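Beneath this line is the structure, given in structure tokens, with notes to follow.
Numbering (the numbering used here), first residue to last: 3 to 622.
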């Protein structure tokens, strides 16, 4: 039996150096002919197996020339089981022990086919089970790879027994393939970043460029493309290396590739990140990816968001809510950390770069023209409206669309903890819009109560609260109580209907029933996972009854659209009465709403005249 020698190779043609770091076996293969590639080099496999005979290792990492390979899951299980088996079987069969070191799958096949203690050892050490899904050891040694400068590792091999459904190239030159597997309800979103196709020379240039940047940081730094120009032998290589280096040093690494795919709306990194592949929401489907974040990569992301947001994110403040620009898209970032999670975890959500207005929803068929007319007039005339719905229903998008219905002469103050509303676009349209950032941790901000006082001191006008979830409730309802000046009071809240909104505000957030009664409308949006997808689920007005309130539906979803209940036409709507100007009758207000609805209908007719109606789904 070979002696176990940590820190050096035990295979004649392998020069890998090994070290155990916690639950990881780290293999440095800089001077090794096999490069630490366990699929290609039996010598490197033997070195690794020798180092795994009696350890608590769960992950094997090999490094060479700026490239890292990570063996986890079934690949790690085969190597670990082979280490145990080789050690124990050596006294019975030295040849089979040697075979297990270099070719674990072949050794398992032979051992299982033999009777007696050898077969027993294959079962006891787990080698038989670990290898049963593989025909060769090369097939078993699938790795997650990536440059050492990257915050993620990518599985190159396609999923076993999978069918390729489509393939496309993103503007970052990453390749995306979709695979479906029989019996697996989750498709695989398989991404191959540009750097995965770098040859040895290009990888060497990438490492040299990164080192140049790191050394230059002491003297004021240098740009990624300048470092690449200095490190590469030709302009083509320099351009490719510079783009990859910029992605990993100035951007968010593989997230830049994923969000370059406009079909991706969400990315989820679940703790522990090194053990869990990223998932994406693409084209309305949840998909499993071939990407794992590294622990150091997750820590680097946390540091980046702390700096950019100015907010604490630590064990003492284990939640984060921030925004980032990724692949030229605005991304909302939610993060959690210990002790509320088993380590760092993130959820990234992209916000549509387009600025939506009510007419866009009508044009797209996700909002009837009659609903748009009602919401437009209610907002224009200073109504108090809450937009409710589950996550992903499009509440913020809808709130942003309502802001365009506020008259130009009315000043608008936006209160948000994370900037998502179209403040700059409204200003570009010559509207008077002031955004205020409320506190969600450290950094320059005010709390919600002070934001309201500030908003009222800034002059009368309309008020929009990005999301009602805490003390923002008190802020919003104080504004509704005092009338919000001469403009609308608008906000969003999580809830699946008016009753749920009442429960959330009154029972959970201590808003009095009398205050809640100042709400004119609750607009509920349907879940994106509902039978007919996103859209208006219901519109309800609130009617006060002293110490209680009731909800009267004005519109309710019927199939794929929201249909009128007839309450407006019967002349019994409290909302219509409240929108009337002095001397204006109920019928005249209703005529105004109907005329506004006809404008939206005409806009749709003009839009579609001579062409087919748009079919792409928008997110109200």
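Built from N, CA and C at the ideal position, the CB exists for glycine as well. Just so we're clear, the structure is a prediction, and the values are computed from it rather than from any experiment.
Please tell me whether residue i and residue j are closer than 8 Å, where the distance is taken between their beta carbons.
i, j, result
"residue 41", "residue 205", "no"
"residue 357", "residue 424", "yes"
"residue 588", "residue 373", "no"
"residue 142", "residue 80", "yes"
"residue 63", "residue 50", "no"
"residue 518", "residue 491", "no"
"residue 151", "residue 291", "no"
"residue 398", "residue 464", "no"
"residue 338", "residue 321", "yes"
"residue 44", "residue 65", "no"
"residue 27", "residue 59", "yes"
"residue 47", "residue 34", "no"
"residue 153", "residue 280", "no"
"residue 417", "residue 525", "no"
Could you give the DSSP three-state label for residue i: helix, strand or coil?
i, result
"residue 34", "coil"
"residue 600", "helix"
"residue 292", "strand"
"residue 250", "helix"
"residue 136", "coil"
"residue 317", "coil"
"residue 553", "strand"
"residue 560", "strand"
"residue 437", "strand"
"residue 540", "strand"
"residue 493", "strand"
"residue 58", "coil"
"residue 237", "helix"
"residue 206", "helix"
"residue 362", "helix"
"residue 368", "coil"
Can you find the residues in the same chain that come closer than 7 Å, C-beta to C-beta, to residue i, ignoring five residues on each side of it along the sequence?
i, result
"residue 265", "284 and 285"
"residue 594", "379"
"residue 157", "144, 146 and 292"
"residue 573", "588"
"residue 124", "87, 110, 113, 114 and 130"
Could you check if residue i is buried or exposed, using at least 16 other CB atoms within 10 Å of its CB as the buried criterion?
i, result
"residue 103", "buried"
"residue 584", "exposed"
"residue 341", "exposed"
"residue 86", "buried"
"residue 138", "exposed"
"residue 220", "Low confidence applies to residue 220: its pLDDT is 49, below 50, so where it sits in the model is not reliable enough to give any reading."
"residue 187", "exposed"
"residue 509", "exposed"
"residue 305", "exposed"
"residue 468", "buried"
"residue 217", "exposed"
"residue 618", "The predicted model places residue 618 with a pLDDT of 35, which falls under 50 and marks its position as unreliable, so this point remains unresolved."
"residue 189", "buried"
"residue 184", "exposed"
Excluding the 5 residues preceding and the 5 following residue i in the sequence, name in chain order all residues of the same chain whose CB lies nearer than 8 Å to its CB.
i, result
"residue 8", "Confidence at residue 8 is low in this model, with a pLDDT of 38, below 50, so the placement of that residue should be treated as unreliable; the coordinate-derived value is given next. Excluding positions up to five away in sequence, the list reads 20, 21, 22 and 53."
"residue 528", "391, 395, 534, 535, 536, 537, 538, 539 and 559"
"residue 199", "none"
"residue 603", "364 and 371"
With a threshold of 8 Å between beta-carbons, can residue i be considered close to chain D, or not?
i, result
"residue 129", "Although the question refers to chain D, the structure presented lacks it and comprises just one protein chain."
Skipping 5 residues on each side, what residues in its chain have a beta carbon closer than 6 Å to that of residue i?
i, result
"residue 169", "179"
"residue 605", "361"
"residue 582", "591"
"residue 300", "275 and 346"
Is any heavy atom of the ligand ZN found at a distance shorter than 7 Å from the C-beta of residue i?
i, result
"residue 434", "Absence of the ligand ZN from the depicted structure is noted, as is the absence of any ligand whatsoever, leaving it without description."
- request: Spell out a yes or no on whether the region 323-341 and the region 249-265 are touching, meaning 3 or more CB-CB pairs, one atom from each, closer than 8 Å.
  value: yes
- prompt: Quick one: any contact between the region 227-246 and the region 263-279, if contact means 3 or more CB pairs under 8 Å?
  reply: no
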